[in-house]
Structures are given as C-alpha cells and as structure tokens.
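For the sequence shown, this note's numbering gives the first residue as 531, with consecutive numbering after it.
The C-beta atom is built at its ideal place from N, Cα and C for all residues, glycine as well.
Values in this document were obtained by computation on a predicted structure and should not be read as measured data.
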Amino acid sequence: MAALDYWLVQYRRTWRGTVVSGVLSPVLFLTAMGVGLGALVDDGGRLGQEYLLFLAPGLLAATAMQTAVGESTYPVMGAIKWIRTYHGMLATPLDSSDILHGHLVYVALRTFTTSVVFAVIMALFGAAPSFTGAGLAVLAATLCGMAFATPVFAFSAAHEADAGFAALERFGIVPMFLFSGTFFPISQLPTALEWVARVTPIWHGVELCRGLVTGTLGAAAGWGHVGYLVGWVVLGALVARIVFRRRLEATG
C-alpha cells in the first residue's frame, strides 16, 4: 500500500522520540499509580486483587486510545489542509479510499507497537501473569484504539480548523480516560454515569484487556466486547470514507 509506505517513511524519522515517551509513560504510571497508590488501595482489600493487576490492563487500553486519537487528529488535518499530503497522493493512481485505508493501517501499526511496549513493561512490573493473556490483550488494545481512530479520522477530516481538537480532548478523551473503569470499577459511579460509561468504547476495551490479562473473561462477555468495538471501527470507517471523499474532491 503506497499510502502506508509514506507514513512508515515519515515514522522512521521520528521514531526515537515516540519510543522514549512510549517507555517512560507506562513506567511512570505503573510506578506512581500501580505501586505507590496501589499499596494504599491493597490495604483496604476492596478490589479482591492487587491494584497493580487491576490498573495495568486498563492503562494498556487507555494508552492505545490516546495513541490512536493522537495519530488521528493533527496528522489528518495537516495532510488535508496544511501540508496537503493527501492531495499529493491523489495525483497518483490512489483514490480517497486508498489514502484513508493506508493511513488507518499505519495508525493500527502504531497503536499495536505502543501496546506491545506497554505489555512488556507490564510484565516487568509483574502485572502480566499470563504471556498468552498479555498477547491477546495487546490485540484487544489495538482494536480499542482503532474503535477511536476511525470516527476521529472522520471528525478531523470534517473540520476546517483545529479548535475542535481541544474540545474533543477536554470533553471526550479525558473524561473517558478517568471514568471508564481504568482506575476504579464503574460500579462506584452514580447509576446514570455508569450507564454512560458502559456505552463508551474505552470501557469495553478496558474490560476486554483486564479480563484477558487476569484470566477472568467469559466467552460471551469477551465476544460481546469485541463485537461492540468492531462495530465502532466499521461505522467510523464508513463515515470517514464519505467525509474523505467529499473533502478531498472539494479541495483537490
């Protein structure tokens, strides 16, 4: 895929910075929240398991979400409006769907590699009891990330200015990061907010990763989470294809 090749070449120039942040972020989070705060939480014994083991899989899914969203906002708008990378690709035999799919595959690869690094660090912290479970959780986290990437691609392509990204982060990504089961069970939320959390993709990603890592995931629940996330990926991709076609044809 020619569109994918472009993004891979771009990443070869910047990968060192992402590796540093990709390693440092999970180390700091797992040390401060999982080990530090976890020691206090474990004293209460309310979770029925070590807090580090509860937290780490949730952070894996949340990190995948943040990585995918980061790759789906400014890079997409820049490729349309500022650098006009997509328009250069349109001068080749590629069409808008090829451009979209190539970029989405790149985002999936970035999310996957970030999740692999996070899972390795989880294992070093003793928060990955099963190699198989951790490996499956990496795939689940990647799926979770793509459940955000495809609709955010559509969002980014539909906007003329980047002001909407701050609102997306402030009123969407940050609340989901904090209140969708990553740090505490959503059963602790008021009933109305609990149901809001249940319809977010990140809650399904967190539950899927946590169940796979801890070995507590039932088949019905697991496939339910997978199906819900796949639904977001497919719906977001369909909307993104429409928006990309209209936007690139209008500005080509």
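Can you tell me whether residue i is buried or exposed, with buried defined as 16 or more other CB within 10 angstroms of its CB?
{"i": "Ile-610", "result": "buried"}
{"i": "Ala-693", "result": "exposed"}
{"i": "Ala-670", "result": "buried"}
{"i": "Ile-629", "result": "buried"}
{"i": "Ala-696", "result": "exposed"}
{"i": "Ala-770", "result": "buried"}
{"i": "Ser-602", "result": "buried"}
{"i": "Arg-640", "result": "buried"}
{"i": "Pro-715", "result": "exposed"}
{"i": "Gly-675", "result": "buried"}
{"i": "Leu-582", "result": "buried"}
{"i": "Leu-560", "result": "buried"}
{"i": "Glu-737", "result": "buried"}
{"i": "Val-773", "result": "buried"}
{"i": "Thr-622", "result": "exposed"}
{"i": "Val-599", "result": "buried"}
Between which two residues does the alpha helix (DSSP H) carrying residue i extend?
{"i": "Glu-724", "result": "721 to 728"}
{"i": "Phe-713", "result": "Counting along the chain, Phe-713 falls outside any alpha helix (DSSP H), and DSSP gives it neither H nor E."}
{"i": "Leu-620", "result": "615 to 620"}
{"i": "Pro-556", "result": "545 to 559"}
{"i": "Ala-609", "result": "Per DSSP, Ala-609 belongs to no alpha helix (DSSP H) and is neither H nor E."}
{"i": "Arg-700", "result": "Looking at the DSSP string, Arg-700 is not in any alpha helix (DSSP H), and its letter there is neither H nor E."}
{"i": "Gly-735", "result": "731 to 744"}
{"i": "Gly-748", "result": "Gly-748 -> no alpha helix (DSSP H), and no H or E assigned at all."}
{"i": "Ala-598", "result": "581 to 602"}
{"i": "Ala-533", "result": "532 to 542"}
Between the Cα of residue i and those of the options, spot the shortest distance and give me the residue it belongs to.
{"i": "Thr-644", "options": "Glu-601, Thr-597, Phe-661, Tyr-636", "result": "Thr-597"}
{"i": "Tyr-604", "options": "Phe-685, Phe-642, Val-553", "result": "Phe-685"}
{"i": "Pro-556", "options": "Ile-651, Asp-625, Glu-580, Leu-738", "result": "Ile-651"}
{"i": "Glu-580", "options": "Leu-778, Pro-681, Phe-713, Val-646", "result": "Phe-713"}
{"i": "Gly-752", "options": "Gly-663, Gln-718, Asp-625", "result": "Gly-663"}
{"i": "Ala-687", "options": "Met-607, Phe-559, Leu-585", "result": "Met-607"}
{"i": "Leu-534", "options": "Gly-632, Thr-721, Ser-551, Leu-639", "result": "Gly-632"}
{"i": "Cys-739", "options": "Val-646, Arg-775, Tyr-636", "result": "Val-646"}
{"i": "Thr-777", "options": "Phe-683, Arg-543, Phe-584, Gly-675", "result": "Checking the sequence, you will find Arg at residue 777 rather than Thr. The candidate whose alpha carbon is nearest that of Arg-777 is Phe-683."}
{"i": "Val-553", "options": "Leu-590, Ala-638, Val-539", "result": "Leu-590"}
{"i": "Ala-727", "options": "Thr-744, Gly-702, Ala-750", "result": "Gly-702"}
{"i": "Val-743", "options": "Leu-538, Met-595, Gly-588, Gly-766", "result": "Gly-588"}
{"i": "Met-619", "options": "Val-760, Ala-532, Gly-741", "result": "Ala-532"}
{"i": "Met-595", "options": "Thr-544, Ala-638, Arg-542", "result": "Ala-638"}
{"i": "Val-550", "options": "Ala-586, Tyr-536, Ser-627, Phe-648", "result": "Phe-648"}
{"i": "Thr-730", "options": "Gly-761, Ala-767, Gly-745", "result": "Gly-761"}
Where does residue i sit, in a helix, a strand or coil, going by DSSP?
{"i": "Ala-691", "result": "coil"}
{"i": "Pro-705", "result": "helix"}
{"i": "Asp-625", "result": "coil"}
{"i": "Ala-657", "result": "coil"}
{"i": "Thr-672", "result": "helix"}
Beta carbon of residue i: closer than 7 Å to some heavy atom of the ligand SAH?
{"i": "Tyr-616", "result": "Of the ligands one can find in the structure shown there are none, so the ligand SAH has no counterpart to examine."}
task = Please confirm if the stretch 702 to 713 is in contact with the stretch 655 to 663, defined as three or more CB-CB distances below 8 Å between the two stretches.
result = Output reads no: the stretch 655 to 663 does not touch the stretch 702 to 713.
task = May I ask you to verify whether the stretch 610 to 623 touches the stretch 716 to 723, counting CB pairs closer than 8 Å and requiring at least 3?
result = Contact check between the stretch 610 to 623 and the stretch 716 to 723: fewer than three CB pairs, one atom from each, fall below 8 Å, which does not count as touching.
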